[in-house]
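Colleague: The structure follows.
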Amino acid sequence: MRLAALLPVLFLFAAAQASADSMRCGSTLISSGDTTSDAYSRCGEPTDRSYLGTRIVVGDWGQREEVRVEEWIYGPWNGMLYFVIFKGNRVDSIQSKRSD
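If you count by mature numbering (1 follows the signal peptide of the UniProt record, and there is no 0), then the sequence shown holds residues -20 to -1, 1 to 80, one letter each, in order.
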């Protein structure tokens, strides 16, 4: 019975997480897994780009690879700033916050 009460909350949390990892650029969308060239062609030049360093990523088969990590900032669009984190040339996460 308690699990049944928690399911709607878990569903809303999962939906919020899914929408947090995508960003609308005009009539197109970028989301986790898209490449930097996809983001650039769909959203244009970011307001700011920052090199954050490198990270070691472990693949599905245990292989280790050093990848470049970048943050691109878009906006403000309708009062929101969007922070797109790329790891190894792929969108890893997208976060947003109100601009002041």
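Don't be surprised by glycine CBs; every beta carbon is placed ideally from N, CA and C.
Relative to the C-alpha of PHE66, which residue among SER79, VAL49, SER76, MET60 is closest?
Modeller: VAL49
Colleague: Measuring alpha carbon to alpha carbon, tell me which residue in ASP72, SER79, SER30 is nearest LEU61.
Modeller: SER79
Colleague: Rounded to whole angstroms, how far is the Cβ of ASP27 from the Cβ of ARG70, which I believe are closer than 8 Å?
Modeller: The sequence shown places Thr at residue 27, not Asp. About 21 Å separates the two Cβ atoms, so there is no contact after all.
Colleague: What does the alpha-carbon distance come out to for the pair TYR31 and GLY42?
Modeller: 26 Å
Colleague: DSSP beta-bridge partners for CYS5?
Modeller: THR8
Colleague: Between ARG35 and VAL47, which are expected to be in contact by the criterion C-beta below 8 Å, what is the C-beta distance as a whole number of angstroms?
Modeller: 6 Å
Colleague: Tell me the DSSP secondary structure of SER21 in three-state form.
Modeller: Under the three-state reduction of DSSP, SER21 is assigned to helix.
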